[in-house]
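Notes to accompany the following structure.
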Amino acid sequence: MSADLPFTKPALGVCYYPEHWPESQWTEDAHAMADLGLSWVRIGEFAWSRIQPKPDQFDWDWLDRAIETLGQAGLNVIMSTPTATPPRWMIDKHPDMLAQTEDGQRRKFGSRRHYCFSHLGYREQSAQIAKILGKRFGQNRHIQAWQIDNEYGCHDTVISFSPSARSAFQNWLEAKYRTIDVLNSSWGNVFWSMEYQRFDQVDLPNQTVTEPNPAHAMDFRRFASDEVMAFNQAQAHALRQYTDRPLIHNYMGRITEFDHFEVGQDLDIASWDSYPLGFLEDRSDRDDAFKTRFMRQGDPDFQAFHHDLYRSVGKGRWWVMEQQPGSVNWAPFNPKPLPGMVRLWTWEAMAHGAEVVSYFRWRQAPFAQEQMHSGLQLPNGDWADVQKEIRQISEELAEIETPQTSDAEVAIIFDYASSWAWDIQPQGRNFDYFRLVYAFYCGLRCLGVSVDIIAPNTHEFGNRKLVIIPGLFSWNQTLLSALESFGGQVLLGPRSGSKTENFQIPAKLPPDLDAFDIKVTSVESLRSSDRKDLINSGHIEAWLEHVETSEDVVETTSEGDPVLIRNDRLNYLTAWPDEQAMERILADLAAKSGVETSKLQSGYRRRNWGHYTLHMNYNAFPIEFKNNNKTVQLGAAELALIHNETGNRLF
Ligand code: GAL
């Protein structure tokens, strides 16, 4: 159970490291935070070596005083468990706790996230420090929320090929299959004489001569995800014995190696760390021209996608735990945001339902790895330019009644297991699950549609009008029932329902649905240069399935291959549409579903927010658009909050 939080509207916060600064500076810092309009401060997530400098020594005084100082200034503290940075003595105690890479190399001490999720000794130590912190601070009046660990999966850290992972995987397999014969037949191990006699013979799927059995690799990915869940759960259980404050984890952008919906089951609030410019440079598939155009603004859809995803991971409750405030240090290029962008990102998050947006970090560190990462203050304590934007947001927040978010009319299913499956078996170098789902999401955003992203085991689709299920690895019973009872339109594919749970081709052939007479008889992956024209506008790329069907074929390639197939409610795409075709197909389907769309000009986005709409200009130049017959002008990186009925612009 979690306590209600002491706020009625979105709030601002910051990440602070008291252990980085002389104590004489804390009071001034805390008051400056409050004065800026911040009401939350996150601390402690990397402070283990100062909390417990030796296995048998705890230093609490400094932390007690830091919490008190922040609390006295009126700030709510988010206390963190420091388990992303096990201190050096921990490695002496558990030398085999370090994660191992695919080629068997041990990861070293000297940065962070060096632990293996499967190491039970370290898992126990993590639960223990969570318990000790919970005991000491669980009822502290200044601590109003807890963060567990920091960014699971960041720096490629979910999958570990360590001896601990190997034996845990064998146990996991035995619990799942019970007998080795069931494992052999489920995986199809008769192929290439891969049959096992005992579970302890099954190795991790690395360093095989050619690819391992996809069913083996898939179970390993499921196992690795379960290990993250178990690690998080151990800490959540430990904390819940001592506190009723909400438990949170800060997820990252475009990390799919573990099932966030599963981890989210053990937490009260989801949060994520939003670094729009870092992500554009570092983890986006956009081309160079796009990156150049948006280098100081970020991809106009990437933040929104994650806001919508994590709203659902948090079962409606979500925050931005770390918001980029200026340039970062970790992307190939690290430009500064355009003036106004930090304000735009902040309001955008709140319009997607963020309860708190917290900036990373209070003051730029003059030392160590992140000395080139900006903060709200320069290393010498002077303000960075961005403080003006934050002050402005706090003033605006004080004046505006902010509405709740409600369900969108359109939902897209995001399934982590599908991402693992198509990593394992892309079948074409340019097939990527995240990119596929994101293409549908961007298509809808460019049509001005607000979207929910939902889990693959959603029980019902509510009042939604259109549900999109791209690239789904395998059906589950809950989803099939939700589909059956849903009255709206559904868009499936490509690749949806193309495997069984055991990574085999279904007996009925994909998409494996009784209510839809389509059989995928063969598939082709296409080189990026091999785009095929559609009879209407646009092309398909990367992927084309050939089918037998008695249903209506509503769109084909110019060579006559069926691309869009339909019965009254179900629609199936056999291919990956390019941007132009995607928007056209989505606009038609939205019209059929009763969802209003309008093609937005490039770089302009909007988001429904109760009786308001938030209009955002992600361009580096001014634009204008019509709203209720009035012309609205937006400067570069500017935004407008407009009342839907009155047309009044609040800012
Ligand atoms: C996040 C991380 C922070 C900090 C920040 C820098 O991924 O949680 O600790 O490293 O990136 O941008």
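Quick note: the sequence shown uses this note's numbering, first residue 80, plus one each step. We put the CB at the ideal spot given by N, CA and C, even for glycine. Computed from a predicted structure; not experimentally measured.
Bounds of the beta strand (DSSP E) holding Q402 are W397 to Q402. Sixteen is the threshold: when 16 or more other Cβ atoms of the shown chains lie within 10 Å of the Cβ of G576, as they do, the residue is buried. When the Cα atoms are used, E634 and A666 turn out to be separated by approximately 14 Å.
The secondary-structure analysis by DSSP pairs N650 across a beta bridge with L570 and R645.
Around K88, the same chain offers L476 and T481 as residues with beta carbons nearer than 7 Å, after the five sequence neighbours per side are excluded. Around the beta carbon of D260, fewer than 16 other beta carbons sit within 10 angstroms, so the residue counts as exposed. For T628, the uninterrupted beta strand (DSSP E) run begins and ends at H618 to T628, by DSSP. Contact annotation, I472 with L91: C-beta distance approximately 7 Å; criterion of less than 8 Å satisfied. L212 and H328 have their alpha carbons spaced roughly 16 Å apart. Here D631 is bridged, per DSSP, to R645.
When the alpha-carbon of R514 is set against those of A719, R333, E468 and N536, the nearest one is in R333. Distances from the CB of Q104 to the heavy atoms of the ligand GAL are all 8 Å or more. Here the alpha carbons of A247 and G673 stand approximately 50 Å from one another. By the neighbour-count definition (other C-beta atoms within 10 Å, threshold 16), Q382 is a buried residue. Three or more beta-carbon pairs separated by less than 8 Å are not found between the region 494-505 and the region 415-435, which leaves the two stretches without contact.
Contact between the region 555-567 and the region 363-371 is absent, with fewer than three C-beta pairs closer than 8 Å. For E603, no alpha helix (DSSP H) encloses it; the enclosing beta strand (DSSP E) starts and ends at I597 to S604.
Taking all protein chains in view, the Cβ of T484 is crowded by 16 or more other Cβ atoms within 10 Å, so the residue is classified as buried. Shortest Cα-Cα distance from E603 to any of G507, E662 and A669 involves G507.
Taking the C-beta atoms as reference points, L652 is found no nearer than 9 Å to S637. Per DSSP, H316 has no beta bridge partner at all. Under DSSP, the beta-bridge partners assigned to D531 are A490. With a minimum length of 3 residues, the unbroken runs of beta strand (DSSP E) contained wholly in the region 341-377 fall at 348-353. For F540 and L283, the gap between their C-alpha atoms comes out near 38 Å. In the DSSP assignment, N263 falls within the alpha helix (DSSP H) that extends over I259 to W266. By the neighbour-count definition (other C-beta atoms within 10 Å, threshold 16), K210 is a buried residue. Relative to the Cα of L356, the nearest Cα in the group I532, A126, N413 and P418 belongs to N413. The residue among Q276, P325, W127 and G343 with its C-alpha nearest the C-alpha of S304 is G343.
In the DSSP assignment, C94 forms a beta bridge with R121. Apart from sequence neighbours up to five positions away, the residues of its chain that approach I227 with a beta-carbon distance below 8 Å are S159, T160, T162, A209, N311, Q314, A315, L318, L326, I327, H328 and L346, ordered along the chain. Residue pairing for R191: DSSP places it in no beta bridge. When beta bridges are read from the DSSP output, T710 appears opposite K705.
Residue burial annotation: E675 is exposed, with fewer than 16 other C-beta atoms found within 10 angstroms of its C-beta. For H694, the enclosing beta strand (DSSP E) starts and ends at Y691 to N696. DSSP places A719 inside the beta strand (DSSP E), whose first and last residues are L718 to H722. Look at E336: its beta carbon is at least 8 Å from all of the heavy atoms in the ligand GAL.
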